[in-house]
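Q:
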Amino acid sequence: MKKTSVTHMLSIGLILMLTACQLPFTSTSTIVMPTQTPMIIVATQEATATNTPEPPTETPIPFTDTPEPTPTETQTETPTVTLTKTALPSRGNAWFYANYITPTIDGYWDEWGNTAYNCGYVVYGKSNRSGTDDLDASARFGWDWNYFYIAMKIHDDTYAQHELGDAIWEGDYMDILFDSYLYDDFYYPDLNWDDYQIGISPGKGSVDGEREAVVWYPRGVSGSRADVLIGAVREGGITRMEVAIPWSVLNTYPYQGATFGFAPSFSDNDNTSSSAQESMVSCVPSRQLTNPTSWGEIMLIY
Ligand SMILES: [Ca+2]
Ligand SMILES: [Ca+2]
Ligand SMILES: [Ca+2]
Ligand SMILES: [Ca+2]
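Take the position in the sequence shown, starting the count at 1, then add 1130; the result is the number in our numbering.
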């Protein structure tokens, strides 16, 4: 038997004797301690095992909530606004602005103060026109919530308008081409439901005679329009006109930035005893009656 084994056996024997004697021996606490130690270890394992899984299940919930509202709302709104504004096409024929104004319809444009556009481009009957004294024009454009306004100053050596109704095109008259829904059929090169041709006579016989507005196109709504207001004066080889066209006549409505197809012109007859269309000047050099893609564009601004 080894020396250590003998020492162990003696120790066990001594312990048994002491326990049997029930003596208050100090080494009793040393034996109890080993039984307490494992209990602490078990407690630590339980704590770490049950606590750890909880945070992972809570964390994903706020993570899925945050991405949904914030990025989707801001990203979808911003591109739509910029895209529609920049994507609008333009014809490049002629561009006009109509300023917000409610003028007095008396023929004089003194109260307007906005841009007067050159309307001296000959688009019909060039050989019949002797020069700017025979026929030349300039115009200003305006709008309010009730009317679309045009003021025109026309150099014309001889006043001649002998007609009423559909036939006013064979006398001195203001001609308006207006595409009410420009972007609906921007590239369609023929007249259709939203393309208007309106003639406005400054007066039969003279500017003191009967004035009249006539719609020729669209065909389905053609005829005179008594609710178009017309002012006209004549002095020293110059005819001045101011017209107010209700938005209802154009079958559309105004708002800031609204853009329409537009080609205003003036048609000239100088025969004092007969009706004829001799020549026409326009604010749009490329103007062709039956092709809306040859017209200009006008935007309503404040
Ligand atoms: Ca006026
Ligand atoms: Ca003339
Ligand atoms: Ca059209
Ligand atoms: Ca004339």
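Glycine included, each C-beta is placed from N, C-alpha and C at the ideal position. Note that this is a predicted model, so its numbers are computed, not measured.
With a threshold of 7 Å, establish whether the CB of Thr1423 neighbours any heavy atom of ligand 2.
A: Outside the cutoff, so no.
Q: Using DSSP's beta-bridge definition, name the partner residues of Glu1342.
A: Bridge partners of Glu1342: Ser1331.
Q: Which same chain residues end up closer than 7 Å to Thr1204 when comparing Cβ atoms and leaving out the 5 residues on each side of it in sequence?
A: Any reading at Thr1204 must be qualified, since the residue scores a pLDDT of 46, below 50, and its modelled position is unreliable; no value is offered.
Q: DSSP three-state label for Leu1307, please.
A: Strand.
Q: Terminal residues of the continuous beta strand (DSSP E) containing Lys1283?
A: From DSSP, the beta strand (DSSP E) with Lys1283 extends over Tyr1277 to Asp1286.
Q: At which residues does the beta strand (DSSP E) containing Asp1400 begin and terminate?
A: Note, Asp1400: premise wrong, no beta strand (DSSP E); not H, not E.
Q: How would you call Pro1332, buried or exposed, if buried means at least 16 neighbouring beta carbons within 10 angstroms?
A: Answer is buried; the Cβ neighbour count reaches 16.
Q: Just to check my reading of the structure: Trp1346 and Ser1354 have Cβ atoms closer than 8 Å, yes? What is that Cβ distance to the nearest angstrom?
A: Their Cβ separation, rounded to whole angstroms, is 11 Å, which puts Trp1346 and Ser1354 out of contact at 8 Å.
Q: So what's Tyr1385 in DSSP terms, helix, strand or just coil?
A: If DSSP states are grouped into helix, strand and coil, Tyr1385 belongs with coil.
Q: Cα-Cα, which of Asp1320, Ala1246 and Ser1260 is closest to Leu1419?
A: Comparing Cα-Cα distances from Leu1419 to each of Asp1320, Ala1246 and Ser1260, the minimum goes to Asp1320.
Q: Strictly closer than 5 Å from CB to any heavy atom of ligand 2: give me those residues in the order they appear in the chain.
A: With the cut-off at 5 Å, the residues found are Asp1264, Leu1265, Asp1286, Asp1287, Asp1398 and Asp1400.
Q: Going by the DSSP bridge assignment, what does Tyr1115 pair with across the sheet?
A: Only positions 1131 to 1432 of the chain appear in this structure, which leaves residue 1115 out of reach.
Q: Does Gly1426 pass the burial test, meaning 16 or more other C-beta atoms within 10 Å, or should it be called exposed?
A: Counting Cβ neighbours within 10 Å, Gly1426 comes out buried, since at least 16 surround it.
Q: Rounded C-beta distance between Asp1263 and Gly1250? I'm assuming under 8 Å.
A: Wrong, their Cβ atoms sit about 12 Å apart, outside the cutoff.
Q: Let me know the secondary structure DSSP gives Asp1314 once reduced to three states.
A: Here Asp1314 sits in helix by DSSP.
Q: Going by C-alpha distance, which of Ser1395, Thr1389, Met1410 and Phe1396 is nearest Trp1225?
A: Of Ser1395, Thr1389, Met1410 and Phe1396, the residue nearest in Cα terms is Thr1389.
Q: What residue from Gly1261, His1292 and Tyr1311 has the CA that sits closest to Ile1428's CA?
A: The shortest C-alpha separation from Ile1428 is found at Tyr1311.
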